[in-house]
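What follows is a short report on a single structure.
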Amino acid sequence: MLVIKTSMILSVAIAVFTGCGSHKVYKQSTIISKPYSAVKIDENVRDVYLREINRVRSQGRHCGDAGYFSAAPALRWSDALYRAAYEHSLDMMKNKTFSHKGSHGTFDWTANAQALSRGSSFKERMENNGYTKWKYIAENIAMGSFTADQVMASWLSSDRHCANIMNPIFTDVGMAEVNDFWTQNFAAYQ
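Residues in the sequence shown are numbered from 1 upward in steps of one, following the working numbering.
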């Protein structure tokens, strides 16, 4: 089983960038949510994302140094995690950045809504968008021109991204793409 810890791994794979991070906590958030009004995701796109993620999770796989993961239960779609993913993809695209940390600029909605003196973390983006009673969270990011199955294949070729996707602890997911900037959020309630 993957021990979830704060981390960020960046790797280059065929001129495409990916990154992942995760957190584990046992206390409830104190943030007052001020959700981002993300563009409503097309139901067909949402269904493609969810189907691809759950197809991957339905089969056991080896995730490199992260170890072997048995088939994992299907994830549910979370609009709160989608809003956090969309917010971050838009922020990265507008600022031409690639990081789990928000830009602290105009498009870092959470940093502005929460009056942070720095860029937002993926934990804060998820909480600000309404996913506040979590026990486990993780985020995968990617940059490049992909289809949903291509970005999944890219993440699966990285040990930590694969581990986030396959982790049976997670119950919810949200994913967004804005002009080739991808964010995938995973979480489980307490």
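Glycine included, every Cβ here is placed at the ideal spot set by N, Cα and C.
Residue interval of the alpha helix (DSSP H) (run including residue i)
i    : result
T110 : W109 to A113
K94  : D79 to N95
D42  : Here D42 belongs to no alpha helix (DSSP H), and DSSP marks it neither H nor E.
D149 : A148 to L156
A198 : Residue 198 is absent from the model: the chain starts at 1 and stops at 190.
K123 : F122 to N128
Sub-8 Å separation of residue i and residue j beta-carbons
i    : j    : result
I165 : V56  : yes
W134 : M143 : no
F122 : H100 : yes
A38  : R83  : yes
N54  : L81  : no
N128 : S33  : yes
M152 : E43  : no
T132 : I31  : yes
G102 : P35  : no
Closest residue to residue i among the options (Cα-Cα distance)
i    : options                   : result
Y189 : A138, S58 and S120        : A138
W155 : N185, A74 and T30         : N185
P73  : R118, N167 and K94        : N167
D180 : A148, A163 and T132       : A148
D159 : N140, S145, F146 and Q150 : N140
S120 : K96, Y136, S145 and M92   : M92
H161 : S58, H62 and I41          : H62
Limits of the unbroken beta strand (DSSP E) element including residue i
i    : result
F186 : F181 to Y189
N140 : W134 to M143
D172 : D172 to V178
For residue j and residue i, believed in contact at Cβ under 8 Å, the rounded distance
i   : j    : result
Y86 : V173 : So it is not a contact: roughly 13 Å between Cβ atoms.
S78 : A187 : 7 Å
Discussion item. Three Cβ pairs or more, each shorter than 8 Å: is that satisfied between the segment 101–112 and the segment 63–72?
Written reply: no
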